[in-house]
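Notes for the one structure printed next.
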Amino acid sequence: MTLSIRNSGPHPVELYLTGRPAAFDITVSGRDGTVVWRRLHGQIVPAILQILELLPNESFEMRDEWTQSTNSGVRVEPGIYTVQGELLTPDPNRRLRTGVITIEIVTPACNP
Amino acid sequence: MTISTRRLRRVSTLAFALAVLLAIGACRDASGPNIPLGAGNPVPSSTTLEEVAQHEAPDQLSVAQVVPGFGGYFLDAAGLPAVYLTDPAQRPAAESALAGFLASRGFTAMDLRVLPADYGYTQLDAWYRLARNSVFSVAGIILGDVDEAKNRLRFGVATATAVPAVTSVLAGLGVPLAAAIVEQRAPILPMVTLRERVRPVIGGLQINFFPTLVSPVTLLCTLGFNAIKDGVNSFITNSHCSNVEGGTETPTDYYQNIRGANAGNLFTPIAANFIGVEADDPPWNSQLNLDCPPPLGCRYSDASRAAYSAGVEFTLGRIARIDTITTSLADTLHTISGHFTIKAEQANSVVGESANKVGRTTGWTVGPTTETCVDVIATGTTHIRLCQTIVAGIVAGGDSGSNVFRVKNLKSGQVVLLGVLWGGSTDTENPEFVYSPMSGIERELGQLKTY
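Residue numbers (this note's numbering), protein chains in the order written: chain H, 724 to 835; chain Z, 655 to 1105.
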């Protein structure tokens, strides 16, 4: 999974991000909205604050993998899931969240 | 049939990108500048009646230039317009000069109340300018003013003994004492927050550093507490609040509050904000630590020591005290209302004990100690903090380096120093912060004099 952030405006923007490296979260939820996996579940993040200047059209990316397991390590069932990313900022009123996308986990066809 | 593998099938694209579009300035950290006190009354900005009459709030001296015997205008306690005149016959002139002022507030000339003035504003202003330098050399003086609402000079002093001192100065300069009000009043304290420049430097303030000279990233942390190590004036913050986490090969320059002007370019250094250089930050390794599982690096504290630059004022044993305890992450304004005084150190933590912290982002927060001597690996790192303490308290990015303390006497502000905060959970419903206890800090940085 790749979470990218881009300054789409005409002026430089300062981003206030928590952690070093900047911490980001990814939340996978089931169809009923139950969270099955959170990247930062139970994690301790260094409480440092970094200010990153993004020039117009500049972007950066963060990547991680989801192993299709819950936070307790159990494989998730095939089905529809939603995914949302978030960059941690110190101000809860100005959260940097992505839109929600939908994915489907399927059972592959097996060879006879 | 056996399912041996699974594959992720995306609905729209195989690899997905989650894009965050930024609104300009949407994520700026709010902090306001200090507003300097003015140097005194301004010179008249308008010199003709027509010019003065156009202003919605003409300065007093300008009105005095065009209205003979003018002694000041203002809105009274009822919100109605009033003007002091030594000669009531000058009312038409006053009505004309204040036409813009009256109209802008929905009044007519008839609404203007004329009060008898003992002194002309120009005379009061001349006396004030004559006396100002001498009066402001009196110990205890707080403010001076030509009070247009009282048609007097007005001086505020902090102590009763300063009252006769000021009146003596006025009398010596030939200013009629009847023309001046000298009164005792509460001192005016600057409304300074943890994120602003504060001297002497105390614990809890924002510090700023840069990983490299040309880095597009600047980093903010909190200065935990002051300390003296082997005679060196120092302060303690986190190891991860330095150019390199562990080691001093590329020593970190620290600034308080920021390296550059807030309104300008953050990357332009302000020499007056430079406070010190990283002096001690032991390496994170496993070779010398049998408690550390290789190949991870370990330490007993996320702490580093910086040496104050010569001439930087600091106060040992002091931590900024905030007006209120923060109960929500939405609270972002943390005004300094005084200070806590460190009276003792406590080496280790106790479950159930209340632990407080003061940090630049979430201010003063407090919660119960929930776990002690916990080995913690922080997200995004390969470093284990050994024997750390967890507290159910609010924390956010920028609080790294915060002092952690136990309140001994709330009224007097006496506290016991517990350690230095370095991290927290991301669960906003059940916030937690993690700190390195003093035992771990002094195990690695050596004996510190902290009060």
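Yeah, the Cβ is synthetic: ideal placement off N, Cα and C, and Gly gets one too.
When the distance is taken between beta carbons, is residue 745 (chain H) closer than 8 Å to residue 1075 (chain Z)? no
Between H:767, H:753, H:740, which has its C-alpha nearest residue 1034 (chain Z)'s C-alpha? Among H:767, H:753, H:740, the Cα nearest to that of residue 1034 (chain Z) belongs to H:767.
So residue 751 (chain Z) packs on residue 707 (chain Z), CB below 8 Å; how close in whole Å? 6 Å
Span of the beta strand (DSSP E) around residue 748 (chain H): For residue 748 (chain H), the enclosing beta strand (DSSP E) begins and ends at 747-752.
Cut-off 6 Å between Cβ atoms - residues of its own chain near residue 778 (chain H), not counting five sequence neighbours on either side: Leaving aside the five residues that flank residue 778 (chain H) on each side, the residues in its chain whose CB is nearer than 6 Å to its CB run, in chain order, 735.
Is residue 816 (chain H) close to chain Z? Criterion is C-beta to C-beta, closer than 8 Å. yes
Beta bridge counterpart(s) of residue 836 (chain Z) as assigned by DSSP: Z:809
When burial is assigned at 16 or more other CB atoms within 10 Å of the CB, is residue 1042 (chain Z) buried or exposed? buried
Would you mind sorting residue 824 (chain Z) into buried or exposed? The rule is 16 or more other CB atoms within 10 Å of its CB. buried
Assign residue 814 (chain Z) to one of two classes, buried (16 or more other C-beta atoms within 10 Å of its C-beta) or exposed (fewer than that). exposed
Return the CA-CA distance between residue 759 (chain Z) and residue 977 (chain Z), expressed in angstroms with no decimal places. 37 Å
Taking 6 Å as the limit between beta carbons, can you name the residues of its chain near residue 850 (chain Z), skipping five residues before and five after? Apart from the 5 residues on each side of it in sequence, residue 850 (chain Z) sits with its Cβ closer than 6 Å to the Cβ of 911 in its chain, given in chain order.
By Cβ distance, which residues of its chain are closer than 8 Å to residue 1098 (chain Z), with the 5 residues on each side in sequence left out? 936, 953, 954, 955, 957
I believe residue 709 (chain Z) touches residue 754 (chain Z) by the beta-carbon criterion, under 8 Å. Please report the beta-carbon distance rounded to the nearest angstrom. Between residue 754 (chain Z) and residue 709 (chain Z) the Cβ distance is about 5 Å, and since that is below 8 Å, they are a contact.
What three-state label does DSSP hand residue 1053 (chain Z) in the structure shown? coil
Of the listed residues H:740, H:780, H:794, H:788, nearest to residue 757 (chain H) (C-alpha basis): H:794
Round the Cβ separation of residue 827 (chain Z) and residue 784 (chain Z) to the nearest angstrom and send it over; I've been treating them as touching at under 8 Å. 6 Å
Suppose the cutoff is 8 Å on Cβ atoms and the five residues either side in sequence are ignored; what does the same chain contact list for residue 765 (chain Z) look like? Here the set comprises 734, 735, 756.
Going by the beta-carbon positions, is the gap between residue 860 (chain Z) and residue 873 (chain Z) smaller than 8 Å? no
Whole-angstrom distance between residue 945 (chain Z) and residue 1053 (chain Z), CA atom to CA atom: Those two C-alpha atoms are separated by around 28 Å.
When the cut-off is 8 Å and only beta carbons count, does residue 679 (chain Z) lie next to chain H? Residue placement at residue 679 (chain Z) cannot be trusted, given a pLDDT of 33 that sits under 50; the coordinates are not used to answer.
Cross-strand partners of residue 775 (chain H) (DSSP beta bridge): H:738, Z:871
List the endpoints of the continuous beta strand (DSSP E) containing residue 822 (chain Z). No beta strand (DSSP E) contains residue 822 (chain Z), which is instead part of the alpha helix (DSSP H) from 816-826.
Could you tell me whether the Cβ of residue 875 (chain Z) comes closer than 8 Å to any Cβ of chain H? Taking CB atoms only, residue 875 (chain Z) has a neighbour in chain H less than 8 Å away.
Taking residue 799 (chain Z) as part of the beta strand (DSSP E), name the residues at either end of that continuous run. 795-801
Quick one: is residue 725 (chain Z) buried, meaning 16 or more other Cβ sit within 10 Å of its Cβ, or exposed? buried
What does residue 1054 (chain Z) reach in chain H if we use C-beta pairs closer than 8 Å? 769, 770, 771, 772
Which residues does DSSP pair with residue 1063 (chain Z) in a beta bridge? Z:1068
Taking the alpha-carbon positions, what's the residue 730 (chain Z) to residue 704 (chain Z) distance? 25 Å
The alpha helix (DSSP H) spanning residue 755 (chain Z) covers which residue range? 753-758
Just list the residues that DSSP pairs residue 993 (chain Z) with in beta bridges. DSSP, once it has assigned bridges, lists Z:974 as partnering residue 993 (chain Z).
Is the shortest distance between the beta-carbon of residue 988 (chain Z) and the beta-carbons of chain H less than 8 Å? no
List, in chain order, every chain H residue whose beta-carbon is nearer than 8 Å to that of residue 1018 (chain Z). Ordered by position in chain H, no residue passes the 8 Å Cβ test against residue 1018 (chain Z), which lies about 15 Å from the chain.
Grouping DSSP H, G and I as helix and E and B as strand, with all else coil, what is residue 927 (chain Z)? Three-state result, residue 927 (chain Z): helix.
State the DSSP-derived secondary structure class of residue 911 (chain Z), mapped to helix, strand or coil. Three-state DSSP puts residue 911 (chain Z) in coil, outside helix and strand.
Counting contacts by CB-CB distance shorter than 8 Å, is residue 1076 (chain Z) in contact with chain H? Interface residue (Cβ-Cβ distance to chain H less than 8 Å): residue 1076 (chain Z) is classified as such.
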